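*Asks:* Quick one: structure below, then a few questions.
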Amino acid sequence: MKDVVIIGGGLAGLSAAWRLRHWDLQVLESDNQRVGGRIRSEQHGQYVMNWGGHMFAGAGSSSAELVAETGTRWAAIPGSLQGMAMNGKFLSTGLIQTYPFRIPMTTKDRLSLLKVGARLGADVVRYKQAARRRSGETPEVRQQRIFNFEDERTFADYIGEATETAKDFYCSVAMRSAADPDVLSAGAGIGYFNLIWNIGQGLGNYIVGGAATLTETIAQSIRDRVELGAVVNEVVQNRDHVVVHYTQDGTDHEVKARTAVLATPASITRKIAVNLRPELRDALGQIKYGPHVAGAFLTNEQQPMPYDGTYGIATPNRSFTVALNQGNLTRGRETTRQPGGSMMTFSPASLGYKLWDLPEKEIVDIYLNDLDQIFPGFANIVTDARVEKFEFGSPFCFPGRHKLQSELTRPSERVFLAGDFLGTFYTDTAVSSGFTAAQGAASVLATARQTAGA
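Per full-length UniProt numbering, the very first residue in the sequence shown carries number 1; after that it's consecutive.
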């Protein structure tokens, strides 16, 4: 009998596996080719093509612990997250408060935008205060306070009566949470502005060489205990052990373990963990996800580009909500501008649904058309272009989400949950929930060792 079976080889599952690596464990990952889940990157020379998670929390976070423990190199993201391309104008410098005066728009649109912005700016300050760590409190208390923040209405309701241009300006940013404004909670939308306006206070770091460097490093530390192409069909919790049924290469398998960590999307966890307590299954069934469609582009420019020095570029009214200048990670390490670059485009929520059923080439063409309109000539410097789709892109906070948290985090006897749906810090929630699940499993295993023969 195994000590622990970990179901799911994404960032959460691998974080749990790292902390449990000294126990007799087995990791079951449904993907036939790789681990990492929504962490997906490739290094090409000095540049990285990225399609998935790419921003990590800094000092004092679970991500910082994992990076240090695994010996992975990381650094602060160089450049601004506050770039914007709107109405034919690209802005990357100056105070963001000046953007409404520099982007072409009517006086009516400008006044509407400023009115919403004044309220949003004040509420970002409130959110930042709610989200900060407080002496002596547990992470669970902090997380619940964040979920409670402006959780009774949607972000669309929060924006209220505004012109379409003003809505486009703000909602394209909030949509990065993988939900449209009419279903996203107001607090989650405000929280995303806190993330980009207060870089360094949230997810301000990147993994050198691409985020997959971290996940693959962990996988290699337990490589003989990772099963790819293992599709779990059922997890049954018994009094003193857990039974997992899975299919691999067309053959049914069964593994028994003293504990299990379920690091799968909430709906999958609910489906396979057949005898979790009813209240928990109900809470899992209410978690909502939005899709991610992402494009990655390698370029071969020989001269500086207008987006040098800018990492994140909001793109209202395009096929993607944001362009992420992955090449700027290299710019931050060089003394002389080198040839080439890398760009990522990100289409969440309804933008992702619009692209979902299209073939890759058509999506690439749509992306390149938009990028070429923003940065004339961009299509001519692209040397490689590829698209990835993630059905369970990101869980998002909807009005009333705070009511589920206590049930989702209530300890179970032998089955422990992990995943970014358990919090609001994206990659850091994945890591921290993996650590928490690992600690729970380790405590059960340690108690069994201590009481053996008693």
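Ideal Cβ placement from N, Cα and C applies to all residues, glycine included.
If you're wondering where the values come from, they're calculated on a predicted model, not measured in any experiment.
Could you check the C-alpha separation between valine 242 and valine 236 for me, to the nearest Å?
*Replies:* For valine 242 and valine 236, the distance between alpha carbons rounds to 6 Å.
*Asks:* Quick check on residue 488: does DSSP put it in helix, strand or coil?
*Replies:* It is not possible to answer for residue 488, since the shown part of the chain is limited to 1 through 454.
*Asks:* DSSP on serine 185, reduced to helix/strand/coil?
*Replies:* Three-state DSSP puts serine 185 in a strand.
*Asks:* Per DSSP, what kind of secondary structure is methionine 1 in: helix, strand or coil?
*Replies:* In the structure shown, methionine 1 sits in coil (DSSP, three-state: anything other than H, G, I, E or B).
*Asks:* Using DSSP with H/G/I as helix, E/B as strand and the rest coil, what is glycine 295?
*Replies:* Glycine 295 falls in the strand class under three-state DSSP.
*Asks:* Alpha helix (DSSP H) containing leucine 404: first to last residue?
*Replies:* Neither: leucine 404 is in no alpha helix (DSSP H) and is coded neither H nor E.
*Asks:* Does the contact criterion of 3 or more C-beta pairs under 8 Å hold for the segment 211 to 221 versus the segment 43 to 63?
*Replies:* These segments touch.
*Asks:* I need the DSSP call for aspartate 109, collapsed to helix, strand or coil.
*Replies:* In the structure shown, aspartate 109 sits in a helix (DSSP, three-state: H, G or I).
*Asks:* Which two residues bound the contiguous beta strand (DSSP E) that contains alanine 257?
*Replies:* Here the beta strand (DSSP E) through alanine 257 covers 251 to 262.
*Asks:* Rounded to whole angstroms, how far is the Cβ of glutamate 140 from the Cβ of alanine 283, which I believe are closer than 8 Å?
*Replies:* With 8 Å as the limit, glutamate 140 and alanine 283 do not qualify as a contact, their Cβ atoms being about 15 Å apart.
*Asks:* In terms of DSSP beta bridges, what is aspartate 384 paired with?
*Replies:* Answer by DSSP bridge pairing, in chain order: Leu298.
*Asks:* Consult DSSP for leucine 358 and reduce its assignment to one of helix, strand or coil.
*Replies:* Coil, per DSSP.
*Asks:* If you measure between the beta carbons of alanine 179 and alanine 349, is that distance less than 9 Å?
*Replies:* Yes, Cβ-Cβ distance for alanine 179 and alanine 349 is below 9 Å.
*Asks:* Would glutamine 220 be called buried (16 or more neighbouring beta carbons within 10 Å of its own) or exposed?
*Replies:* Classification for glutamine 220: exposed.
*Asks:* Can leucine 422 and threonine 259 be called in contact, C-beta distance under 9 Å?
*Replies:* No. Outside cutoff.
*Asks:* In terms of alpha-carbon separation, which member of Ser30, Glu234, Ala64 lies closest to threonine 72?
*Replies:* Nearest C-alpha to threonine 72: Ala64.
*Asks:* Note the first and the last residue of the continuous beta strand (DSSP E) segment covering isoleucine 207.
*Replies:* 205 to 207 is the span of the beta strand (DSSP E), which, as asked, contains isoleucine 207.
*Asks:* Taking only three categories from DSSP, how would you classify isoleucine 77?
*Replies:* Reduced to three states, the DSSP call for isoleucine 77 is coil.
*Asks:* To the nearest angstrom, how far is it from the Cα of arginine 132 to the Cα of asparagine 380?
*Replies:* Cα to Cα, arginine 132 sits roughly 45 Å from asparagine 380.
*Asks:* Over what stretch of residues does the alpha helix (DSSP H) that includes isoleucine 287 continue unbroken?
*Replies:* Careful: isoleucine 287 lies outside any alpha helix (DSSP H) and carries neither H nor E.
*Asks:* Less than 9 Å between the beta carbons of serine 319 and tyrosine 353, yes or no?
*Replies:* No, the pair does not count as a contact, with Cβ atoms beyond the cut-off.
*Asks:* Return the Cβ separation of aspartate 31 and leucine 228 in integer angstroms, given the expectation that the two are a contact with Cβ distance under 8 Å.
*Replies:* Their Cβ separation, rounded to whole angstroms, is 6 Å, which keeps aspartate 31 and leucine 228 in contact under 8 Å.
*Asks:* With contact counted as at least three CB pairs below 8 Å, one residue from each stretch, are the segment 180 to 197 and the segment 432 to 443 in contact?
*Replies:* With a cut-off of 8 Å, the segment 432 to 443 and the segment 180 to 197 do not count as touching, because too few Cβ pairs lie within range.
*Asks:* For glycine 434, does the three-state DSSP call read helix, strand or coil?
*Replies:* Three-state result, glycine 434: helix.
*Asks:* Helix or strand or just coil, what does DSSP make of methionine 55?
*Replies:* In the structure shown, methionine 55 sits in coil (DSSP, three-state: anything other than H, G, I, E or B).
*Asks:* Output the distance between the C-alpha atoms of glycine 200 and valine 255, rounded to the nearest integer angstrom.
*Replies:* For glycine 200, the pLDDT reaches just 46, beneath the cut-off of 50, and the residue's location in the model is therefore unreliable, leaving the point undetermined.
*Asks:* On a CA-only basis, which of Tyr158, Leu91, Asn148, Gly419 is nearest glycine 121? Give me that one, please.
*Replies:* Measuring from the Cα of glycine 121, the nearest candidate turns out to be Tyr158.
*Asks:* Would you check if the distance between the CB atom of valine 431 and the CB atom of alanine 12 is smaller than 9 Å?
*Replies:* Cβ atoms of valine 431 and alanine 12: closer than 9 Å.
*Asks:* Our contact map puts proline 291 next to phenylalanine 390 with C-beta atoms below 8 Å; I'd like the distance itself, whole angstroms only.
*Replies:* Sure, about 7 Å apart at Cβ, within 8 Å.
*Asks:* What do you reckon, are the CB atoms on valine 244 and valine 231 nearer than 9 Å?
*Replies:* Against a cut-off of 9 Å, the Cβ pair of valine 231 and valine 244 comes out as no contact.
*Asks:* Just the Cα atoms here: how many angstroms apart are tyrosine 311 and alanine 323?
*Replies:* Near 8 Å, if we compare the C-alpha coordinates of alanine 323 and tyrosine 311.
*Asks:* Classify glutamine 82 as buried or exposed, calling it buried when 16 or more other Cβ atoms lie within 10 Å of its own Cβ.
*Replies:* It is buried - the Cβ of glutamine 82 has at least 16 other Cβ atoms within 10 Å.
*Asks:* Leaving out five residues on either side along the sequence, give the residues of the same chain with a beta carbon under 7 Å from the beta carbon of threonine 217.
*Replies:* For threonine 217, where only same-chain residues beyond five positions count, the Cβ hits under 7 Å are Thr70, Thr72.
*Asks:* So what does valine 48 bridge to, in DSSP terms?
*Replies:* Answer is Gln43, bridged to valine 48.
*Asks:* How about glycine 434 and alanine 418: do their beta carbons lie closer than 9 Å?
*Replies:* In this structure, alanine 418 lies closer than 9 Å to glycine 434 by Cβ.
*Asks:* Within the same chain, show all residues whose beta-carbon is closer than 6 Å to that of isoleucine 103, passing over the 5 residues directly before and after it, in chain order.
*Replies:* For isoleucine 103, where only same-chain residues beyond five positions count, the Cβ hits under 6 Å are Met86, Asn87, Lys89.
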